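Chemist: The sequence shown lines up with residues 3 to 164 when you count with this note's numbering.
We put the beta carbon where it would ideally sit given N, CA and C, even for glycine.
Since we're looking at a predicted model, the values are computed, not measured.
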Amino acid sequence: MDAYSGYNQIPMDKNDRKHTAFMTEGANYMYNIMPLGLGNADGTYQRMMKKIFKKEIGGMLEVYMDDMVVKSTEESQHRHHLEEVFTRLRQYNMRLNPKKCTFRVKAGKFLEFYLSERGIEANPKKCRAVLEMEPPSSKERIMKLNGMLTTLNRFISRSVTK
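(1) Given 8 Å as the limit, is there contact between the segment 55-66 and the segment 83-91, that is, 3 or more CB pairs closer than that?
(2) Would you report the Cα separation of methionine 25 and histidine 82, rounded to the nearest angstrom?
(3) Take serine 74 and list the residues in its own chain whose beta-carbon comes closer than 7 Å to its own, dropping the five residues that flank it on each side.
(4) Which ranges would you report for the beta strand (DSSP E) in the segment 35-61 if only whole runs of at least 3 residues count?
(5) Straight-line CA distance for glycine 149 to alanine 131?
(6) Considering only their Cβ atoms, is the gap separating alanine 5 from aspartate 68 smaller than 8 Å?
(7) For valine 65, report the span of its alpha helix (DSSP H) as first-last.
(8) State the Cα-Cα distance for the pair methionine 14 and glycine 28, rounded to the nearest angstrom.
(9) What are the start and end residues of the alpha helix (DSSP H) that includes valine 87?
(10) Helix or strand or just coil, what does DSSP make of valine 72?
(11) For asparagine 30, which three-state DSSP category applies?
(12) Give the straight-line distance between the Cα atoms of valine 72 and glycine 39, rounded to the nearest whole angstrom.
(13) Look up valine 126 in the DSSP assignment and give the residues it is bridged to.
(14) Compare the Cα-Cα distances from glutamate 76 to each of Met96, Asn17, Lys108 and report the closest residue.
(15) What is the C-beta distance between methionine 3 and leucine 98, in whole angstroms, given that I count them as a contact (C-beta under 8 Å)?
(16) According to the neighbour-count rule (16 or more other Cβ atoms, all chains shown, within 10 Å of its Cβ), is tyrosine 31 buried or exposed?
Following this line, the structure appears as structure tokens:
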């Protein structure tokens, strides 16, 4: 599910509104909601989502910025989990973008990983990039390889020792 312009749903603190002021020829304005481009907008939104879904994150819900995945082991639980998330979203006046929401997906891509009934799986494209990479010949290439392996380390048993 996708929260519709996530941080644009966060009300500005009354004391901070003056810091978002801008002028036009006709009048002066201040934002009532968090505008695009504030340096702390992403972090503020992520903290808000963690606060709203403190109990659910890591269990039946995964949240990254304005993307959310509700996951259930049993189909009968899934409806209840969705109802919990929707209730909480309504409670905080959050809206979802229906064009970007998908339901009843048995497997799919989320944050460059694949989610399926078996759990989280490595992205085959990322695996192929490591397997087809030439042996590193410079510091930059070693750093690139290290970054690729860091992405995949949760799927490689004892990756640090290897």
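Modeler: Put simply:
(1) Contact holds: three or more Cβ-Cβ distances are below 8 Å.
(2) One C-alpha to the other measures close to 48 Å.
(3) For serine 74, the CB contacts under 7 Å within the same chain, skipping 5 residues up- and downstream, are Met62, His80, His83 in chain order.
(4) Runs found: none.
(5) Their backbone Cα atoms lie some 12 Å apart in a straight line.
(6) Yes; because the gap between Cβ atoms is below 8 Å, this pair is in contact.
(7) Here valine 65 belongs to no alpha helix (DSSP H); instead the beta strand (DSSP E) covers 63-66.
(8) Cα to Cα, methionine 14 sits roughly 23 Å from glycine 28.
(9) DSSP places valine 87 in the uninterrupted alpha helix (DSSP H) bounded by 77-93.
(10) Correct three-state label for valine 72: strand.
(11) Three-state result, asparagine 30: strand.
(12) Taking the straight line from one Cα to the other gives about 29 Å.
(13) At residue 126 the sequence reads proline, which differs from the valine that was named. In the DSSP output, where bridge partners are listed per residue, proline 126 has none listed.
(14) For glutamate 76, the nearest C-alpha among the options comes from Lys108.
(15) About 5 Å separates the two Cβ atoms, so the contact holds.
(16) Residue environment for tyrosine 31: exposed (fewer than 16 other C-beta atoms within 10 angstroms of its C-beta).
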